[in-house]
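To keep things clear, I will list the structure first and then write my remarks on it.
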Amino acid sequence: MFYPANAAVPAELQTADFSLMPLTPAHAALDYTAVISSREMLRQWSGSAWPSDDFSLDDNLQDLQWHHREHQERLAFTYTVLNPAQDECLGCVYIRPFSEILPAAPNYHAIVRFWVSQPQREGPLERQLLDALCAWFYSNAWAFERILFHTRVSSQWQIHLFMAAGYQAVNTHYLPERGGYHTFFERLPDN
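Here the sequence shown stands for residues 2 to 192, where the numbers follow the numbering used here.
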């Protein structure tokens, strides 16, 4: 089981700089703009040809319908990162079962990946998002017993982000369907 059946799934996270909301088909146009503006970065981040050169708004809508269905069925949770006015997508957060990587993983363990759009990468948003996610996951909002963040080994900017934020690399796994080797990070206990 990925997430306790009797536990609430947080509906949103609000900060002064952004908000997280479940990704739904209603976000298709905003999400599409962010995806297309970040095409090369996302290909490197994902280790795939996504989004393809001919990736359309309809293709994106289909992706969002799939993520929304997973969210409703509590199989995985995907959140859009929106600006405070909620009229621009700044990125995306993916929360999936750790058992996708290690089938024998205990219940209630999650792996988390995220990206911020290329125009946002030069600013503080990526670190602000990581800090907000950490606070959110380790509060009483979620019922996960363990959270691991992960990124591709070749995504050095995110590896540096995790290390600078005090996360420890706990292992590396080869994930052929996700573009190669991924390093998994866990927050170090506060001193």
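The beta carbon of each residue, even a glycine, is placed where N, CA and C say it ideally should be. Small disclaimer: the values here were computed from a predicted structure and weren't measured.
C-alpha gap between residue i and residue j, whole angstroms
i, j, result
"Arg-179", "Ser-49", "7 angstroms"
"Phe-3", "Thr-34", "31 angstroms"
"Tyr-95", "Leu-126", "17 angstroms"
"Trp-158", "Ser-39", "15 angstroms"
"Val-10", "Ala-142", "8 angstroms"
"Pro-177", "Arg-153", "11 angstroms"
"His-174", "Ser-140", "28 angstroms"
"Phe-1", "His-183", "Here the chain has residues from 2 to 192 only, and residue 1 is not among them."
"Leu-83", "Pro-5", "27 angstroms"
Of the listed residues the options, nearest to residue i (C-alpha basis)
i, options, result
"Leu-14", "Tyr-80, Gln-157, Gln-45, Glu-41", "Tyr-80"
"Phe-150", "Pro-104, Ala-170, Asn-7, Pro-177", "Ala-170"
"Asp-132", "Ala-8, Ala-105, Phe-19", "Phe-19"
"Leu-130", "Glu-41, Leu-24, Trp-67, Gly-92", "Gly-92"
"Ser-118", "Leu-31, Thr-25, Thr-16", "Leu-31"
Neighbourhood of residue i by C-beta distance below 8 angstroms, restricted to the same chain and skipping five residues each side
i, result
"Glu-146", "Pro-107, Asn-108, Tyr-109, His-110"
"Cys-135", "Ala-166, Arg-188"
Cutoff 7 angstroms; reference residue i; Cβ partners in own chain excluding five residues on either side
i, result
"Asn-192", "A caution first: Asn-192 carries a pLDDT of 42, below 50, which makes its placement in the model unreliable, though a value can still be read off. Result list for Asn-192: empty, nothing under 7 angstroms."
"Leu-43", "Val-36, Trp-51, Pro-52, Trp-116"
"Ala-29", "Leu-58, Asn-61, Leu-62, Leu-65"
"Trp-204", "The chain is shown from 2 up to 192; residue 204 falls before or after that span and cannot be answered."
6 angstroms Cβ shell around residue i - same chain, five flanking residues per side excluded
i, result
"Phe-186", "Phe-150, Phe-163, Tyr-168, Ala-170"
"Ala-8", "Ala-144"
Do the segment 64–76 and the segment 84–92 touch if we need at least three Cβ pairs shorter than 8 angstroms? no
Within 8 angstroms, do at least three Cβ pairs link the segment 161–171 to the segment 55–74? no
Every unbroken alpha helix (DSSP H) inside the segment 112–174 [4 residues or more]: 126–138, 157–165
Please give me, in chain order, every unbroken run of the alpha helix (DSSP H) with length at least 4 that falls completely inside the segment 39–96. 40–47, 58–73
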